[in-house]
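Colleague: Sending over a structure as structure tokens; questions will come in a sec.
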Amino acid sequence: MRELVILGTASQVPTRTRNHNGYFLRWEREGILFDPGEGTQRQMILAGVPASRISRICLTHVHGDHCFGLPGVLSRMVLDGVAHPVHLHFPAAGADVVRALVGLATPGLDLHLHPHGEAGAIAPGIEVEPLRHRIEAYGYRVAEPDGRTVLPDRLAAAGISGPDVGRLQREGSLGGVRLEDVSVHRPGRRFAFVMDTAVCDGASALADGADLLVAESTFSDDDGALAAQYLHLTAGQAGAIAGAGGVGTLVLTHFSCRYDDLGVLASQARRTAGSASVVAASDLDRIPFPRRGVR
Numbered sequence: 112m113r114e115l116v117i118l119g120t121a122s123q124v125p126t127r128t129r130n131h132n133g134y135f136l137r138w139e140r141e142g143i144l145f146d147p148g149e150g151t152q153r154q155m156i157l158a159g160v161p162a163s164r165i166s167r168i169c170l171t172h173v174h175g176d177h178c179f180g181l182p183g184v185l186s187r188m189v190l191d192g193v194a195h196p197v198h199l200h201f202p203a204a205g206a207d208v209v210r211a212l213v214g215l216a217t218p219g220l221d222l223h224l225h226p227h228g229e230a231g232a233i234a235p236g237i238e239v240e241p242l243r244h245r246i247e248a249y250g251y252r253v254a255e256p257d258g259r260t261v262l263p264d265r266l267a268a269a270g271i272s273g274p275d276v277g278r279l280q281r282e283g284s285l286g287g288v289r290l291e292d293v294s295v296h297r298p299g300r301r302f303a304f305v306m307d308t309a310v311c312d313g314a315s316a317l318a319d320g321a322d323l324l325v326a327e328s329t330f331s332d333d334d335g336a337l338a339a340q341y342l343h344l345t346a347g348q349a350g351a352i353a354g355a356g357g358v359g360t361l362v363l364t365h366f367s368c369r370y371d372d373l374g375v376l377a378s379q380a381r382r383t384a385g386s387a388s389v390v391a392a393s394d395l396d397r398i399p400f401p402r403r404g405v406r
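So in my numbering, the last spot in the sequence shown is 406, and the numbers never skip.
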């Protein structure tokens, strides 16, 4: 089961309809909470996301709208009796802030802190890339391993059927027939999370080949000067990153409170997003992971 639950879509200033940031990714047996801003615990209740489902928490950076909800979430996990280990990933430069926030939480959780200070893998199937913001920030990429899709016509031509198909997949060859002879490469599904940043190589690397990309869209293209000043993305820039990376679905979020009509931002992103589907997220949206064929 793979699904993205939008817990909040506001940037620095929440509104009547938009809570501060918060995103929960269901990824098979993992439950990954990204950037829990203020009010995330309440939003989890409204969205039907139990605290017991969280196995990892990933912070892009330690600006308040991306992390001030952390103590409440951790305390709720203690209250709910979460017994499994929980892993907290964050930029090393923000370690003092993270430790202060963790120190405010109710003790009793098996919490493991994992600071990172460079690009690369930080956990099985999870890697980070540096972003370009006013403080140290990293985006995240979650990916399953690549695999092979067997083709029924080739299996039939090779005379392989029934339990022998599974044996061929496990062992790689059977009776002189290689798995490569009866299958095609299948890229693992990929999720990318790009928050506060200007256009940069790290954002592009994370987006490359992503089936689902969550990207900040703080400003309209008409306010590009503000985006450049504060090192944020415009809607058109978010779309261009998705288009260049061949993204399947782009989810826009982290909207400035100056915009009531998100349709304008979505339209700007669509003009540059190529074949990507574009969604302007709303609080409590549930976005299923896109289906895809062999590619």
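Glycine residues also receive a C-beta, built at the ideal position from the N, C-alpha and C atoms.
Looking only at its chain, what residues have a beta carbon closer than 6 Å to the beta carbon of proline 125, apart from the 5 residues adjacent to it on each side?
Modeller: These residues qualify, in order along the chain: His131.
Colleague: Quick check: what's the CA-CA separation for alanine 206 versus alanine 387?
Modeller: If you take the alpha carbons of alanine 206 and alanine 387, they lie about 36 Å apart.
Colleague: Buried or exposed, going by whether 16 or more other CB atoms sit within 10 Å of the CB of glycine 354?
Modeller: So glycine 354 ends up on the buried side.
Colleague: For cysteine 169, which beta-bridge partners are listed by DSSP?
Modeller: Per DSSP, Phe145, His200.
Colleague: Please go through the same chain and pick out, in chain order, the residues whose beta-carbon is closer than 6 Å to the beta-carbon of methionine 155, but skip the five residues on each side of it.
Modeller: Contacts found: none.
Colleague: Can you check whether the CB of serine 328 is closer than 7 Å to the CB of alanine 346?
Modeller: Cβ atoms of alanine 346 and serine 328: closer than 7 Å.
Colleague: At the level of alpha carbons, what is the spacing between leucine 337 and valine 295?
Modeller: Taking the straight line joining both Cα atoms gives about 47 Å.
Colleague: Beta-carbon separation of glycine 183 and serine 166 under 7 Å?
Modeller: Not closer than 7 Å, so no.
Colleague: Bridge partners of isoleucine 271, per DSSP?
Modeller: Bridge partners of isoleucine 271: none, in fact.
Colleague: With the cut-off set at 7 Å, would you say aspartate 169 and histidine 195 are in Cβ contact?
Modeller: Note that residue 169 is cysteine in the sequence shown here, rather than aspartate. The answer is no: Cβ separation not under 7 Å.
Colleague: Would you be able to state if there are at least three C-beta pairs under 8 Å between the segment 229–241 and the segment 269–284?
Modeller: Too few Cβ pairs lie closer than 8 Å, so no.
Colleague: Please confirm whether glycine 159 and glycine 180 have their CB atoms less than 7 Å apart.
Modeller: Not closer than 7 Å, so no.
Colleague: Looking only at C-alpha atoms, which of Gln123, Pro399, Asp334 sits nearest to valine 375?
Modeller: Closest option to valine 375, Cα to Cα, is Asp334.
Colleague: Please name the residue in Glu114, Arg300, Gly119 whose C-alpha comes closest to that of aspartate 394.
Modeller: Nearest C-alpha to aspartate 394: Gly119.
Colleague: Kindly indicate which three-state DSSP category glycine 219 falls into: helix, strand or coil?
Modeller: In this structure, glycine 219 counts as coil in the three-state DSSP scheme.
Colleague: Would you decide whether glycine 287 is buried or exposed? Buried here means 16 or more other CB atoms lie within 10 Å of its CB.
Modeller: The residue in question, glycine 287, is exposed, as its Cβ has fewer than 16 Cβ neighbours within 10 Å.
Colleague: State yes or no: is the C-beta of serine 247 within less than 7 Å of the C-beta of alanine 204?
Modeller: Looking at the sequence provided, one finds glutamate at residue 247 rather than serine. A contact, by the Cβ cut-off of 7 Å.
Colleague: Looking only at its chain, what residues have a beta carbon closer than 8 Å to the beta carbon of serine 331, apart from the 5 residues adjacent to it on each side?
Modeller: Same-chain partners within the cutoff: Thr345, Ala346, Tyr370, Val375, Leu376, Gln379.
Colleague: What span of residues does the beta strand (DSSP E) with leucine 373 cover, start to end?
Modeller: Segment 373–383 is the alpha helix (DSSP H) holding leucine 373; no beta strand (DSSP E) there.
Colleague: Is DSSP giving histidine 343 helix, strand or coil here?
Modeller: Histidine 343: coil per DSSP, three-state reduction.
Colleague: Based on the DSSP secondary-structure assignment, which residues constitute the bridge partners of glutamate 240?
Modeller: The partner list for glutamate 240 (beta bridge, DSSP) reads Gly250.
Colleague: Is there a Cβ of chain B sitting closer than 7 Å to that of alanine 392, yes or no?
Modeller: Reference to chain B is not applicable here, since this structure consists of a single protein chain.
Colleague: Bridge partners of isoleucine 398, per DSSP?
Modeller: In DSSP, isoleucine 398 forms a bridge with Leu115.
Colleague: Leaving out the 5 sequence neighbours to the left and right, which residues in its chain are closer than 6 Å to threonine 151 when beta-carbon positions are compared?
Modeller: Once the five neighbours on either side are set aside, the close Cβ partners of threonine 151 are Leu118, Gly133, Gly180, Val184.
Colleague: What alpha helix (DSSP H) runs, 4 residues minimum, are completely inside the segment 261–312?
Modeller: For the segment 261–312, whole alpha helix (DSSP H) runs of length 4 or above, ordered along the chain, are 263–269, 274–282.
Colleague: Let me make sure I understand the geometry here. Which of Ser284, Pro263, His244 has the alpha-carbon closest to that of aspartate 312?
Modeller: Selected option, being the one with the closest Cα: His244.
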